[in-house]
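So the structure is just underneath, and the comments pick up after that.
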Amino acid sequence: AQSVTQLGSHVSVSEGALVLLRCNYSSSVPPYLFWYVQYPNQGLQLLLKYTSAATLVKGINGFEAEFKKSETSFHLTKPSAHMSDAAEYFCAVSAGMNYGGSQGNLIFGKGTKLSVKP
Amino acid sequence: DAGITQSPRYKITETGRQVTLMCHQTWSHSYMFWYRQDLGHGLRLIYYSAAADITDKGEVPDGYVVSRSKTENFPLTLESATRSQTSVYFCASSARISGANVLTFGAGSRLTVL
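So the sequences go chain by chain: A and B. Using our numbering, read the first sequence as starting at 1 and increasing by one per residue. Using our numbering, read the second sequence as starting at 1 and increasing by one per residue.
In structure tokens:
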């Protein structure tokens with residue numbers, strides 16, 4: 001069965017510091033993996049996705065993530081945090097054959113709230 | 001405007017009342033989904049639809065009803081609201097982008113059941 005674990009419900013960094021948000025997944029089939037960002041009172045926006053092509057995936061706003069099969073991880077990084085990066089971030093894995101998984105349904109982690117200190 | 005529109009954005013109701021949350025998309029995407037977001041749970045799938053008149057249960061369907069008479073609309077109804085249904089509800093549709101089906105979300109409907 002598919003599942004996602006995000007390590008750390010809250011992460012705080014200083015402006016200009018490295019951002020590292022951790023995500024580990026479990027999947028019975030080759031996974032598609034996603035990172036979404038949610039700003040207050042808004043819906044989720046796609047940051048980036050992994051679809052079995054390059055293992056290092058670049059997304060919007062300077063974020064990137066690396067797929068590591070041996071570690072079943074898909075951590076999100078950004079070299080230098082900006083105040084505008086403060087938001088909640090969700091890692092997600094394709095739901096496999098369950099509940100429309102082949103057509104987009106995802107299993108989401110519980111989210112990591114990123115705070116950026118000036 | 002193109003995209004997914006949810007209404008109302010905020011709703012307060014009382015236990016036992018019927019509530020309908022609306023979802024409208026302008027892309028004619030076949031698949032649509034309803035999720036609820038609760039603190040500590042992330043997002044959980046309530047119902048999904050493959051096309052007009054084709055709907056199916058997700059992970060947490062109890063207490064909810066959906067319909068899809070037109071491709072662009074996918075309303076979610078709480079027939080008799082309970083306090084445990086206080087949540088933020090997100091509608092999404094999926095489209096094929098660069099080899100994967102990708103979800104695009106509406107802005108959400110925050111429901112409070114008193």
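All residues carry an ideal CB built from backbone N, CA and C; glycine is no exception. Here the structure is a predicted model, which is why all the values come from computation and not from measurement.
query: Quick one: does S98 of chain B have its CB under 8 Å from some CB of chain A?
result: Translated into positions along the second sequence, residue 98 of chain B becomes position 98. In terms of beta-carbon proximity, S98 of chain B lines the interface with chain A, with at least one pair separated by less than 8 Å.
message: Quick check on the DSSP output: the beta strand (DSSP E) that includes G42 of chain B runs from which residue to which?
response: Walking along the second sequence from the start, residue 42 of chain B turns up at place 42. From DSSP, the beta strand (DSSP E) with G42 of chain B extends over G42 to A51.
- request: Compile a chain-ordered list of the residues in the segment 76-91 of chain A whose CB is closer than 7 Å to at least one CB of chain B.
  value: If the cut-off is 7 Å between Cβ atoms, the segment 76-91 of chain A has F90 near chain B.
- request: Under 7 Å Cβ to Cβ from L106 of chain A, same chain only, skipping five residues before and after it: list those, please.
  value: To locate residue 106 of chain A, count along the first sequence from 1; it is residue 106. Scanning its chain for C-beta atoms nearer than 7 Å, with the 5 sequence neighbours on each side dropped, one finds around L106 of chain A the residues F34, A92, V93, S94 and A95, in chain order.
Rounded Cβ spacing between T55 of chain B and V66 of chain B (contact assumed at less than 8 Å): Mapped onto the second sequence, residue 55 of chain B falls at position 55. Mapped onto the second sequence, residue 66 of chain B falls at position 66. Sure, about 5 Å apart at Cβ, within 8 Å.
field: Contact set between the segment 50-70 of chain B and chain A, restricted to residues whose Cβ is under 9 Å from the partner
entry: The residues in question are A50, D56, K57, G58 and E59.
message: Cβ closer than 9 Å: which chain A residues qualify as neighbours of F90 of chain B?
response: Here residue 90 of chain B is taken as the residue at index 90 of the second sequence, counted from 1. For F90 of chain B, the chain A residues whose Cβ falls inside 9 Å of its Cβ are G43 and L44, in order along the chain.
message: One question on the structure: do G43 of chain A and G106 of chain B come within less than 8 Å of each other, judged by their Cβ atoms?
response: For the purposes of this step, residue 43 of chain A is taken as residue 43 along the first sequence, with counting starting at 1. For the purposes of this step, residue 106 of chain B is taken as residue 106 along the second sequence, with counting starting at 1. Going by C-beta atoms, G43 of chain A is nearer than 8 Å to G106 of chain B.
query: Looking at F108 of chain A and G40 of chain B, is the spacing between their C-beta atoms short of 8 Å?
result: Here residue 40 of chain B refers to the residue found at position 40 when the second sequence is read from its first residue. Here residue 108 of chain A refers to the residue found at position 108 when the first sequence is read from its first residue. Not closer than 8 Å, so no.
- request: Flag L106 of chain A as yes if its beta-carbon sits less than 8 Å from any beta-carbon of chain B, otherwise no.
  value: Numbered from 1 along the first sequence, position 106 holds the residue referred to as residue 106 of chain A. It does; some Cβ of chain B falls within 8 Å.
- request: Kindly indicate which three-state DSSP category N105 of chain A falls into: helix, strand or coil?
  value: In the first sequence, counting from the first residue as 1, residue 105 of chain A sits at position 105. Correct three-state label for N105 of chain A: coil.
query: What is the C-beta distance between H29 of chain B and S94 of chain B, in whole angstroms, given that I count them as a contact (C-beta under 8 Å)?
result: Position 29 of the second sequence holds residue 29 of chain B. Position 94 of the second sequence holds residue 94 of chain B. Sure, about 6 Å apart at Cβ, within 8 Å.
Contact set for L20 of chain A: own chain, Cβ-Cβ below 7 Å, skip 5 residues either direction: Counted from its first residue, the first sequence places residue 20 of chain A at position 20. Same-chain partners within the cutoff: H75 and T77.
field: Per-residue DSSP class, three states only, for R83 of chain B
entry: Locating residue 83 of chain B in the second sequence gives position 83, counting from the first residue. Looking at R83 of chain B - three-state DSSP - the assignment turns out to be helix.
field: Residues of its chain near E101 of chain A, where Cβ-Cβ distance is below 7 Å and the 5 sequence neighbours each way are ignored
entry: The residue you call residue 101 of chain A lines up with position 101 of the first sequence. Here residue 101 of chain A is Gly; the residue named in the question, Glu, does not match the sequence. Excluding its 5 nearest sequence neighbours in each direction, G101 of chain A has C-beta neighbours in its own chain below 7 Å: S94 and A95, listed in chain order.
field: Member of B:A51, B:Y89 and B:V19 whose CA lies at the smallest distance from the CA of T5 of chain B
entry: Within the second sequence, the letter at position 5 stands for residue 5 of chain B. That would be B:Y89, whose Cα lies nearest to the Cα of T5 of chain B.
field: Span of the beta strand (DSSP E) around W35 of chain A
entry: Position 35 of the first sequence, counted from the start, is the residue given in the question as residue 35 of chain A. Here the beta strand (DSSP E) through W35 of chain A covers L33 to Q38.
query: Which same chain residues, not among the five before or five after T55 of chain A, have their C-beta less than 7 Å away from its C-beta?
result: For the purposes of this step, residue 55 of chain A is identified with residue 55 of the first sequence, where counting begins at 1. Excluding sequence positions up to five before and after T55 of chain A, its CB lies within less than 7 Å of the CB of E66 and F67, all in the same chain and listed in chain order.
- prompt: At a CB-CB cut-off below 7 Å, which residues of chain B make contact with G111 of chain A?
  reply: Taking the first residue of the first sequence as position 1, residue 111 of chain A is located at position 111. Chain-order list of chain B residues neighbouring G111 of chain A: G42, by C-beta distance under 7 Å.
query: Beta-carbon of L76 of chain B versus every beta-carbon of chain A: anything under 8 Å?
result: If you number the second sequence from 1, residue 76 of chain B lands on position 76. No - not a single Cβ of chain A is within 8 Å of the one on L76 of chain B.
- prompt: What's the call for V29 of chain A, buried or exposed, on a 16-neighbour Cβ count within 10 Å?
  reply: Residue mapping note: residue 29 of chain A aligns to position 29 of the first sequence, counting from 1. Label assigned to V29 of chain A: exposed.
- prompt: Hey, E59 of chain B and Y99 of chain A: beta-carbon distance below 8 Å or not?
  reply: Translated into the one-based positions of the second sequence, residue 59 of chain B becomes position 59. Translated into the one-based positions of the first sequence, residue 99 of chain A becomes position 99. Yes. Within cutoff.
query: Name the chain A residues that come within less than 7 Å of G108 of chain B, Cβ to Cβ?
result: Position 108 of the second sequence, counting from 1, holds the residue named residue 108 of chain B. Neighbours of G108 of chain B on chain A, chain order: G43.
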